[in-house]
Amino acid sequence: MALNPQITNLVIILFMMQASKKVPFEDPNVLNGVRALYIFSNLIIVGVYLYVQQQINKKRDMTVLKYVEPAPMGSTEEPKAVTTTVHSYDLQQLRGLFKSQLMGVGMMGVMHIYFKFTNPLLVQSIIPLKGAFEGNLVKVHLLGQPATGELKRPWKAAGGFMGMGGGEVKTDKKSIETAERSGRGGAKEE
(Lines of atoms letter the chains of each structure in order from A and count residues from 1; the text may use other names and numbers.)
(Lines give C-alpha, C1' and ligand atoms only; values in the text may rest on other atoms or scores of the structure.)
Protein backbone atom coordinates (compact mmCIF):
# COMPACT_ATOMS: atom_id res chain seq x y z
CA MET A 1 0.00 0.00 0.00
CA ALA A 2 1.52 3.29 -1.12
CA LEU A 3 1.12 6.33 1.09
CA ASN A 4 -0.64 9.37 -0.30
CA PRO A 5 2.01 12.05 -1.04
CA GLN A 6 -0.23 14.77 0.40
CA ILE A 7 -0.53 12.89 3.70
CA THR A 8 3.23 12.36 3.93
CA ASN A 9 3.79 16.06 3.09
CA LEU A 10 1.45 17.03 5.93
CA VAL A 11 3.30 14.73 8.35
CA ILE A 12 6.67 16.17 7.25
CA ILE A 13 5.39 19.74 7.59
CA LEU A 14 4.00 19.12 11.08
CA PHE A 15 7.19 17.36 12.17
CA MET A 16 9.46 20.05 10.70
CA MET A 17 7.39 22.86 12.24
CA GLN A 18 7.88 21.28 15.66
CA ALA A 19 11.57 20.62 14.99
CA SER A 20 12.16 24.16 13.71
CA LYS A 21 10.99 25.55 17.06
CA LYS A 22 14.06 23.94 18.61
CA VAL A 23 16.51 25.25 15.99
CA PRO A 24 18.42 28.32 17.23
CA PHE A 25 17.97 30.55 14.15
CA GLU A 26 19.43 33.49 16.12
CA ASP A 27 22.87 31.86 15.74
CA PRO A 28 24.28 33.12 12.39
CA ASN A 29 26.10 29.83 11.78
CA VAL A 30 22.89 27.81 12.18
CA LEU A 31 20.94 30.24 10.00
CA ASN A 32 23.60 30.11 7.28
CA GLY A 33 23.60 26.31 7.50
CA VAL A 34 19.84 26.18 6.97
CA ARG A 35 20.15 28.64 4.08
CA ALA A 36 22.86 26.42 2.56
CA LEU A 37 20.58 23.37 2.96
CA TYR A 38 17.78 25.20 1.14
CA ILE A 39 20.09 26.27 -1.69
CA PHE A 40 21.59 22.76 -1.94
CA SER A 41 18.11 21.23 -2.09
CA ASN A 42 17.13 23.53 -4.96
CA LEU A 43 20.38 22.82 -6.80
CA ILE A 44 19.61 19.08 -6.59
CA ILE A 45 16.13 19.71 -8.03
CA VAL A 46 17.53 21.81 -10.90
CA GLY A 47 20.15 19.13 -11.56
CA VAL A 48 17.47 16.41 -11.67
CA TYR A 49 15.32 18.47 -14.04
CA LEU A 50 18.29 19.22 -16.32
CA TYR A 51 19.11 15.50 -16.43
CA VAL A 52 15.47 14.70 -17.24
CA GLN A 53 15.57 17.30 -20.03
CA GLN A 54 18.70 15.66 -21.41
CA GLN A 55 16.97 12.25 -21.35
CA ILE A 56 13.86 13.63 -23.07
CA ASN A 57 15.97 15.13 -25.85
CA LYS A 58 18.07 11.95 -26.13
CA LYS A 59 15.01 9.70 -26.51
CA ARG A 60 13.23 12.21 -28.79
CA ASP A 61 10.03 10.13 -28.79
CA MET A 62 7.98 11.39 -31.75
CA THR A 63 4.99 9.17 -31.02
CA VAL A 64 1.81 11.16 -31.71
CA LEU A 65 -0.19 11.95 -28.60
CA LYS A 66 -3.82 13.09 -28.88
CA TYR A 67 -5.91 14.19 -25.95
CA VAL A 68 -8.62 16.62 -24.93
CA GLU A 69 -7.54 19.38 -22.60
CA PRO A 70 -10.37 20.47 -20.30
CA ALA A 71 -11.59 24.05 -20.42
CA PRO A 72 -10.17 26.30 -17.68
CA MET A 73 -12.14 26.06 -14.43
CA GLY A 74 -14.97 28.58 -14.32
CA SER A 75 -14.73 29.17 -18.06
CA THR A 76 -17.53 28.74 -20.60
CA GLU A 77 -15.05 27.66 -23.30
CA GLU A 78 -15.21 24.21 -24.86
CA PRO A 79 -12.56 21.57 -24.12
CA LYS A 80 -9.61 21.77 -26.56
CA ALA A 81 -8.29 18.89 -28.68
CA VAL A 82 -4.50 18.73 -28.61
CA THR A 83 -2.28 16.82 -31.02
CA THR A 84 1.38 16.70 -30.04
CA THR A 85 4.27 14.28 -29.64
CA VAL A 86 5.51 12.58 -26.49
CA HIS A 87 8.74 14.59 -26.83
CA SER A 88 6.90 17.94 -26.98
CA TYR A 89 4.50 16.93 -24.22
CA ASP A 90 7.35 15.96 -21.88
CA LEU A 91 9.22 19.21 -22.61
CA GLN A 92 6.03 21.19 -21.93
CA GLN A 93 5.58 19.37 -18.61
CA LEU A 94 9.22 20.03 -17.74
CA ARG A 95 8.83 23.75 -18.47
CA GLY A 96 5.93 23.76 -16.03
CA LEU A 97 8.11 22.10 -13.37
CA PHE A 98 10.91 24.64 -13.85
CA LYS A 99 8.40 27.50 -13.67
CA SER A 100 6.83 26.09 -10.51
CA GLN A 101 10.25 25.65 -8.88
CA LEU A 102 11.25 29.21 -9.78
CA MET A 103 8.00 30.58 -8.31
CA GLY A 104 8.60 28.61 -5.11
CA VAL A 105 12.13 29.97 -4.77
CA GLY A 106 10.84 33.50 -5.45
CA MET A 107 8.12 33.20 -2.81
CA MET A 108 10.59 31.75 -0.31
CA GLY A 109 13.01 34.57 -1.11
CA VAL A 110 10.35 37.19 -0.37
CA MET A 111 9.28 35.41 2.81
CA HIS A 112 12.85 35.04 4.06
CA ILE A 113 14.53 38.24 2.89
CA TYR A 114 11.65 40.72 3.11
CA PHE A 115 9.53 39.28 5.95
CA LYS A 116 12.47 37.65 7.80
CA PHE A 117 10.77 34.22 8.12
CA THR A 118 13.33 31.51 8.81
CA ASN A 119 11.28 28.43 9.82
CA PRO A 120 9.90 27.75 6.31
CA LEU A 121 13.45 27.29 5.00
CA LEU A 122 13.59 23.87 6.69
CA VAL A 123 10.26 22.67 5.30
CA GLN A 124 11.04 24.08 1.84
CA SER A 125 14.36 22.21 1.83
CA ILE A 126 12.50 18.89 2.00
CA ILE A 127 8.99 19.11 0.48
CA PRO A 128 10.00 20.35 -3.03
CA LEU A 129 12.81 17.78 -3.20
CA LYS A 130 10.40 15.02 -2.23
CA GLY A 131 7.87 16.34 -4.76
CA ALA A 132 10.46 16.38 -7.55
CA PHE A 133 11.16 12.67 -7.09
CA GLU A 134 7.41 11.89 -6.97
CA GLY A 135 6.79 13.62 -10.33
CA ASN A 136 5.86 11.59 -13.39
CA LEU A 137 8.69 12.92 -15.57
CA VAL A 138 11.31 11.95 -12.99
CA LYS A 139 9.71 8.53 -12.50
CA VAL A 140 9.81 7.85 -16.26
CA HIS A 141 13.08 9.49 -17.33
CA LEU A 142 15.28 9.20 -14.22
CA LEU A 143 13.93 6.24 -12.26
CA GLY A 144 13.20 4.23 -15.44
CA GLN A 145 9.61 3.29 -14.66
CA PRO A 146 7.58 2.26 -17.73
CA ALA A 147 5.07 4.83 -19.02
CA THR A 148 2.07 2.57 -18.45
CA GLY A 149 -0.88 2.67 -16.06
CA GLU A 150 -0.70 5.83 -13.91
CA LEU A 151 2.38 6.95 -15.86
CA LYS A 152 0.69 6.71 -19.29
CA ARG A 153 0.64 10.11 -21.00
CA PRO A 154 -1.16 12.48 -20.82
CA TRP A 155 -0.89 12.65 -17.07
CA LYS A 156 -3.67 13.76 -14.80
CA ALA A 157 -3.15 17.31 -13.66
CA ALA A 158 -2.36 17.56 -9.98
CA GLY A 159 -5.51 18.49 -8.14
CA GLY A 160 -5.63 22.00 -6.79
CA PHE A 161 -6.73 23.00 -3.31
CA MET A 162 -8.50 20.03 -1.70
CA GLY A 163 -8.49 18.15 -5.02
CA MET A 164 -10.50 20.81 -6.82
CA GLY A 165 -8.63 20.88 -10.12
CA GLY A 166 -10.00 21.57 -13.54
CA GLY A 167 -11.65 18.84 -15.56
CA GLU A 168 -10.06 15.57 -16.49
CA VAL A 169 -7.83 15.10 -19.53
CA LYS A 170 -9.58 12.71 -21.92
CA THR A 171 -7.92 10.39 -24.40
CA ASP A 172 -10.82 8.38 -25.77
CA LYS A 173 -11.46 8.62 -29.52
CA LYS A 174 -15.01 9.97 -29.18
CA SER A 175 -13.94 12.86 -26.90
CA ILE A 176 -11.07 13.77 -29.21
CA GLU A 177 -13.30 13.77 -32.32
CA THR A 178 -15.96 15.85 -30.55
CA ALA A 179 -13.40 18.43 -29.41
CA GLU A 180 -11.80 18.58 -32.86
CA ARG A 181 -15.18 19.41 -34.38
CA SER A 182 -15.99 22.07 -31.76
CA GLY A 183 -14.76 25.65 -31.74
CA ARG A 184 -11.53 25.11 -29.76
CA GLY A 185 -10.48 21.93 -31.56
CA GLY A 186 -7.44 21.04 -33.54
CA ALA A 187 -4.69 22.77 -31.58
CA LYS A 188 -1.44 21.30 -32.76
CA GLU A 189 1.69 21.66 -30.67
CA GLU A 190 5.12 21.16 -32.17
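Quick note: the sequence shown uses this note's numbering, first residue 1292, plus one each step.
Note that CB positions come from ideal geometry on N, CA and C, so glycine has one too.
For this session: For the beta strand (DSSP E) containing V1317, list its first residue and its last residue.
Result: Looking at the sequence itself, residue 1317 is Glu, so the reference to Val does not match. Run containing E1317: none; DSSP gives neither H nor E here.
Exercise. If we count the other Cβ atoms within 10 Å of its Cβ and call it buried at 16 or more, is D1318 buried or exposed?
Worked result: exposed
Exercise. What are the partner residues of T1354, as DSSP defines its beta bridges?
Worked result: Its beta-bridge partners do not exist; DSSP assigns none.
Exercise. Quick one: what's K1371 bridged to in DSSP?
Worked result: E1360
For this session: Report yes or no: do the stretch 1439-1447 and the stretch 1405-1418 share at least 3 C-beta pairs separated by less than 8 Å?
Result: no
Problem set entry | T1299 (DSSP reduced to helix, strand or coil) | helix
Exercise. Taking A1438 as the reference, which of P1315, T1354, K1390 has the closest Cα?
Worked result: T1354
For this session: Figure out for me which residue from L1328, I1335, H1378, T1374 has the closest Cα to the Cα of K1349.
Result: Nearest option by C-alpha distance: H1378.
Exercise. Expressed to the nearest angstrom, what Euclidean distance is found between the alpha-carbon atoms of Q1346 and I1404?
Worked result: Approximately 36 Å, taken between the alpha carbons.
Problem set entry | For M1376, the residue or residues it bridges with in DSSP | First, the amino acid is wrong: residue 1376 is Thr here, not Met. Answer is V1355, bridged to T1376.
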